[in-house]
Each structure stands twice: as C-alpha cells, then as structure tokens.
Amino acid sequence: MIVATLASWGAWSWIAFAAVLMALEILAPGYFLIWLGAAAALTGAVFLVLPGPWQIQLAVFAALSLICLFGWVRVTRASNGTTSDKPDLNRRMEAMVGREFTLEEPIQAGRGRVRVADSVWLVTGPDLAAGARVRVTDFEGAVLKVEAA
19 MIVATLASWG
29 AWSWIAFAAV
39 LMALEILAPG
49 YFLIWLGAAA
59 ALTGAVFLVL
69 PGPWQIQLAV
79 FAALSLICLF
89 GWVRVTRASN
99 GTTSDKPDLN
109 RRMEAMVGRE
119 FTLEEPIQAG
129 RGRVRVADSV
139 WLVTGPDLAA
149 GARVRVTDFE
159 GAVLKVEAA
C-alpha cells in the first residue's frame, strides 16, 4: 500500500506535500515544518526537470531535508552569538553586582533593605545602620548580598 502510493508520486505530489507542510507550519509554528516543506518543494522542482523512481525521490527528499534543517540550525546558532549593546538587559540581578546603594532599612541580624530606583530589595550582609552606603557583591535568588562601601 505504502509502496504503491510512493510509486505513484510525481513532482506535483511533492509540491502539494510542500504546500501542506508549509500550511501546517503556519498553524503550528516552530520553524521545523517550513524546512521540510522547502525540501519537498525542491524535490518536486528537481523531479519536474529530471523524473525518477520513487526510491530516488525519497532519497533526494531525505537529503534535502537534512541540508535544510542543518543549514537552519547553523544560521540560527551564528545569529544567536550576536552581541548586544545592553548585555544585562534581562539579567537584572547580575546587573546589580558592583553597584552601590543607600540602605533604606538597617541591616539587623543579617537582613535589611535597599531602595533601587522605584523598588525596595531585600539584602543580606553585616549589620549596618539605615542610610549607610553598601555595595552589592553577589545575589541569591532575589536577595542581594552586600558589604559596606
């Protein structure tokens, strides 16, 4: 049954299969089916010009699928390495390390609070009076670790 179906496939079947895969990519985006669709379209284009048996068509589709998928992975990996002019944009805690702030509440029993812009952050460190300047040395979760500046 499957062999008979594959044997009846021609170039236009590959192009129709490409359209189905690309439509599925629109319905469930993930940048995977689009590349299989591209491989199917290329397979259809090749076999419009050079007809061949279904075994060769399947092998060409498999090879083109791998080429398209690995090409996409390579391009996305290369573009993910781009540097940003704001590397700490989504790393707020890491951006705090090294900065100095004034204690909003004194550090007593190792815990206190500092004001950072429009919010108050919990800090841990040596006991210090309110109003003292502190430097952030590290963080744990959402708690800043500080020392006297």
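Residue numbers for the sequence shown follow my numbering, beginning at 19 and rising by one.
Glycine included, C-beta positions come from ideal geometry on N, C-alpha and C.
For residue i, does the three-state DSSP call read helix, strand or coil?
| i | result |
| --- | --- |
| residue 167 | coil |
| residue 70 | coil |
| residue 32 | helix |
| residue 130 | strand |
| residue 115 | coil |
| residue 153 | strand |
Identify which residue in the options has its Cα closest to the Cα of residue i.
| i | options | result |
| --- | --- | --- |
| residue 159 | 72, 139, 127 | 139 |
| residue 52 | 90, 77, 130 | 90 |
| residue 153 | 147, 146, 167 | 167 |
| residue 111 | 32, 126, 156, 122 | 156 |
Going straight from the alpha carbon of residue i to that of residue j, what length do you get?
| i | j | result |
| --- | --- | --- |
| residue 118 | residue 135 | 12 Å |
| residue 96 | residue 144 | 45 Å |
| residue 37 | residue 94 | 24 Å |
| residue 81 | residue 54 | 11 Å |
| residue 130 | residue 115 | 17 Å |
| residue 128 | residue 137 | 20 Å |
| residue 150 | residue 133 | 12 Å |
Can you find a CB in chain C that lies within less than 9 Å of the CB of residue i?
| i | result |
| --- | --- |
| residue 30 | Chain labels in this structure do not include chain C; a single protein chain is all it has. |
**OP:** Count the C-beta pairs between the stretch 68-76 and the stretch 43-51 that are closer than 8 Å, then say yes if the count reaches three, no if not.
**Re:** no
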